[in-house]
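So in the numbering used here, spot 79 of the sequence shown is number 226, and the numbers just go up one at a time.
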Amino acid sequence: VLGKMPLKFYGASVPISMVLASLYFYYITQYKSGQNKIKHLKELDIVVHKKPSSCSITASTGDLVHLHYTSYLKSSGKQFETTREKADPYVFKLGTCNDKTKPECLKGFENGVLGMCAGEKRKVTIPPKLAYGKEGRPPDIKPDETVIFNIELVDIDK
148 VLGKMPLKFY GASVPISMVL ASLYFYYITQ YKSGQNKIKH LKELDIVVHK KPSSCSITAS
208 TGDLVHLHYT SYLKSSGKQF ETTREKADPY VFKLGTCNDK TKPECLKGFE NGVLGMCAGE
268 KRKVTIPPKL AYGKEGRPPD IKPDETVIFN IELVDIDK
């Protein structure tokens, strides 16, 4: 009976069941899906897929981090790079990304690693201005392309 009662919504008569279904859909797609999201910068979209039960040390500026990643184009889902095919993880020092001296180092990637624990897995979506920008990286990455990195932090050297 309650589901058939009309509700006035912007002057239109809407069944309560429709309102409840809409609220549930919003809860599942917007609120619930955002529970694993964290942000270091407004522009980054960071989703934690796996966090270790114990995390006493987190990655911070100046740390040497060892990680594996696989990167994709957001527009097509096409993979353009991975470290998974190599025996050793990718190693770099957090805080050393500088567009002029290290063009291969993405500021968005570095910010996506900050705060990670060893053993943690994240999906980091990076907008063009924090990735390859207006130039892109031909032939794989077009100008103004958003990229996605699935990152697993293997180890941290303080």
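Ideal Cβ placement from N, Cα and C applies to all residues, glycine included.
- From the listed residues H196, E299 and L277, the smallest Cα separation to P290 is found for L277.
- Contact between V212 and V260 holds, since their C-beta atoms are separated by about 6 Å, short of 8 Å.
- Residue environment analysis places S218 among the buried positions, since at least 16 neighbouring C-beta atoms fall within 10 angstroms of its C-beta.
- If the five residues before and after K221 are omitted, its C-beta is found closer than 8 Å to the C-beta atoms of T272, E292, T293, V294 and I295, all from its own chain and listed in chain order.
- By the neighbour-count definition (other C-beta atoms within 10 Å, threshold 16), P199 is an exposed residue.
- Taking every protein chain shown into account, the CB of E257 has 16 or more other CB atoms within 10 angstroms, so this residue is buried.
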